[in-house]
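In what follows, a single structure is set out as structure tokens and then discussed.
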Amino acid sequence: QKEVEQDPGPLSVPEGAIVSLNCTYSNSAFQYFMWYRQYSRKGPELLMYTYSSGNKEDGRFTAQVDKSSKYISLFIRDSQPSDSATYLCAMSAGGRRALTFGSGTRLQVQP
Amino acid sequence: GAVVSQHPSRVICKSGTSVKIECRSLDFQATTMFWYRQFPKQSLMLMATSNEGSKATYEQGVEKDKFLINHASLTLSTLTVTSAHPEDSSFYICSALLLKGSADTIYFGEGSWLTVV
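Structure below.
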């Protein structure tokens, strides 16, 4: 079993839809949770960062962490064609340890 | 957000030659940087962790003599692919750790496409 599980998609939605992306994990030591967006042939771009459990909102994006269920989510409201990309969840136990990534979910927002 | 610059963005080299990729943190000091490799439609695979002033820590299965990592300053880490072969062709991405107490964050460079012919 992988440490971080993420549905690879692809996920196709119409413009304006609410998108829900999810990851589950098994390592209870993870404390820091991130969502990255990666466009084709580019490096990942940090979208959201959450420490421990709770919600965080930034514009159209909302990140949720439920440590009791080992489950994290990213919601995108009013999705736009420019949101079409691969979304990677990532997490870390902190310190100077590297991130552990999910496999990424490919999102396609249809105009 | 913080900026990490990676160079070159794209390189083509002949089989048997060596290629160096640079990763710079432009507006912060990064004592720790990470190197990843990504194959098409796959996630990022950690190759090694680079700490300034010390030897890199390589992940299992990554040849340290083939992928030389040097982290000589707080803003620069380099990855050298030695005696490159076509199977080394891949997307290489670096990231740098920004320490901010409880909000340590990792920022990525734009990646480097390596094609070995």
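As you go down the protein sequences, you meet chains A and B in turn.
FYI, my numbering numbers position 5 of the first sequence as 5, with every residue one higher than the one before it.
For my numbering, count along the second sequence from 1 and bump the result up by 1000.
Just so you know, even glycine gets a beta-carbon here, dropped at the ideal spot from N, CA and C.
Neighbour list for residue i in chain B, Cβ cutoff strictly below 7 Å
i      : result
A98(A) : F1034, L1046 and T1049
Where the beta strand (DSSP E) containing residue i begins and where it ends
i        : result
R37(A)   : Y32 to Q38
V1062(B) : Note, V1062(B): premise wrong, no beta strand (DSSP E); not H, not E.
V1116(B) : S1112 to V1116
K56(A)   : G54 to D58
L11(A)   : L11 to P14
V66(A)   : A quick correction: the sequence has Asp, not Val, at residue 66(A). Here the beta strand (DSSP E) through D66(A) covers F61 to D66.
I1093(B) : S1090 to L1098
L21(A)   : V19 to Y25
S73(A)   : Y71 to I76
E45(A)   : E45 to Y51
A85(A)   : A85 to S92
S103(A)  : It is not in any beta strand (DSSP E) - S103(A) carries neither H nor E in the DSSP assignment.
S1083(B) : It is not in any beta strand (DSSP E) - S1083(B) carries neither H nor E in the DSSP assignment.
S28(A)   : Looking at the DSSP string, S28(A) is not in any beta strand (DSSP E), and its letter there is neither H nor E.
E5(A)    : V4 to Q6
Q1006(B) : V1004 to H1007
Contact list for residue i against chain B, beta-carbon separation under 8 Å
i      : result
L88(A) : S1043 and L1044
Y32(A) : D1104
Interface residues of chain A facing residue i [CB-CB closer than 8 Å]
i        : result
I1093(B) : G43 and P44
L1097(B) : R96
E1087(B) : The premise fails here: E1087(B) is roughly 20 Å from chain A at the closest Cβ pair, so nothing lies under 8 Å.
F1108(B) : Y36, G43, P44, E45 and L46
G1111(B) : R41, K42 and G43
Residue i burial status per 10 Å Cβ neighbour count (16 or more: buried)
i        : result
I1012(B) : exposed
P81(A)   : exposed
R41(A)   : exposed
P111(A)  : exposed
S1073(B) : exposed
Y32(A)   : buried
A29(A)   : exposed
D1104(B) : buried
T1032(B) : buried
A93(A)   : exposed
G54(A)   : exposed
T1017(B) : exposed
Cross-chain neighbours of residue i in chain B, by beta carbon under 9 Å
i       : result
S103(A) : Q1042 and S1043
**Request:** Please go through the stretch 1014 to 1081 of chain B and give each complete beta strand (DSSP E) segment of 3 or more residues, from N-terminal end onward.
**Result:** 1019 to 1025, 1032 to 1038, 1044 to 1051, 1067 to 1073 and 1076 to 1081
**Message:** Quick check: the stretch 7 to 18 of chain A against the stretch 54 to 73 of chain A, are at least 3 beta-carbon pairs closer than 8 Å?
**Reply:** no
**Request:** Flag this pair as touching only if the stretch 1042 to 1052 of chain B and the stretch 1065 to 1081 of chain B have three or more C-beta atom pairs under 8 Å; answer yes or no.
**Result:** yes
**Asked** Is the stretch 1024 to 1039 of chain B touching the stretch 75 to 92 of chain A, taking contact as three or more C-beta pairs under 8 Å?
**Response** no
**Message:** When you compare the stretch 32 to 49 of chain A with the stretch 85 to 99 of chain A, are there three or more beta-carbon pairs, one atom per stretch, that lie closer than 8 Å?
**Reply:** yes
**Request:** Inspect the CB distances between the stretch 1090 to 1100 of chain B and the stretch 1036 to 1051 of chain B and report whether three or more fall short of 8 Å.
**Result:** yes
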